[in-house]
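*Asks:*
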Amino acid sequence: MSRHDVIEIRFHGRGGQGAVTAANILVAAAWRSGLWGQAFPFFGAERRGAPVMAFARLSKKRVMVHSMIRHPDIVVVLDPKLPELVNVLDGLKPGGKVVINSPAPPKLKKDSYGIYYVDATKIALELGLVLAGWPLVNTPMLGALAKVVGLPIENVKEAIIDYIGKKGGELNAKAAERAYNEVKAYE
């Protein structure tokens, strides 16, 4: 990242999956890494399970833009079925990256962007990160994203524990670290 670069990230998830929480924790981890950042949600009349978006910007200098991200550098997809319902690639910059929750290479058209995948659902289920029957995939996806953007996993884990609290935070930090180590590039 050069001195003036801003990395713009758009999260796609379903209501209740923690896309907004992931964006907020990402910015906290960025601060720990010496970067500036901002995170914000996009809410409509969504309910639990409905498609939602959250946004984050990371930069080496203060971010002054406060608007929805229409042309992200990175798209993070928390639910592997969302690409069937929503065009998650809409506006993705050429050379951009997609980080998706998927057990295998996703069925996305490989174009001028990089695709990274991790089975965040499996990680959440194996660690018991489940709420109301839903696997909590936001922190594993945050770990995968950290690997892709080059954020130190220790800073991400500390931000998770600070945000969630020690009791649940340590397990979520473990999920993030596991995804950090398991994320794969789709060649």
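Per the working numbering, the sequence shown starts with residue -8, numbered consecutively.
From the three backbone atoms N, C-alpha and C, an ideal C-beta is built for every residue, glycine too.
Give me the residue from Ile144, Glu117, Asp102 with the minimum Cα distance to Glu178.
*Replies:* Asp102
*Asks:* I need the DSSP call for Arg169, collapsed to helix, strand or coil.
*Replies:* Per DSSP, reduced to three states, the secondary structure at Arg169 is helical.
*Asks:* Closer than 7 Å by C-beta to Arg61: which residues in its own chain qualify, once you throw out the five before and the five after it? Chain order, please.
*Replies:* Gly82
*Asks:* Could you have a look at Ala13 and say whether DSSP puts it in helix, strand or coil?
*Replies:* helix
*Asks:* Using DSSP with H/G/I as helix, E/B as strand and the rest coil, what is Ala41?
*Replies:* coil
*Asks:* Verify whether the separation of the beta carbon atoms of Asn129 and Gly9 is less than 8 Å.
*Replies:* For Asn129 and Gly9, yes; Cβs fall inside 8 Å.
*Asks:* Could you pull the DSSP bridge partners for Ser50 from this structure?
*Replies:* Val(-3), Trp27
*Asks:* Throw me the rounded Cβ distance for the Ala137 and Val147 pair, which I believe falls under 8 Å.
*Replies:* 5 Å
*Asks:* When you compare the CB positions of Glu131 and Ala150, do they come within less than 8 Å of one another, or not?
*Replies:* One detail in the question is off: residue 131 reads as Pro in this sequence, not Glu. Going by C-beta atoms, Pro131 is not nearer than 8 Å to Ala150.
*Asks:* Which residues share a DSSP beta bridge with Ile144?
*Replies:* Looking at the DSSP assignment, Ile144 forms no beta bridge with any residue, so it has no partner.
*Asks:* In angstroms, rounded to a whole number, what distance separates the CA positions of Lys100 and Leu80?
*Replies:* 10 Å
*Asks:* Could you check which residue in Val89, Gly40, Phe46 has the C-alpha nearest to that of Gly28?
*Replies:* Phe46
*Asks:* In the DSSP assignment, the beta strand (DSSP E) including Lys175 goes from what residue to what residue?
*Replies:* 175 to 177
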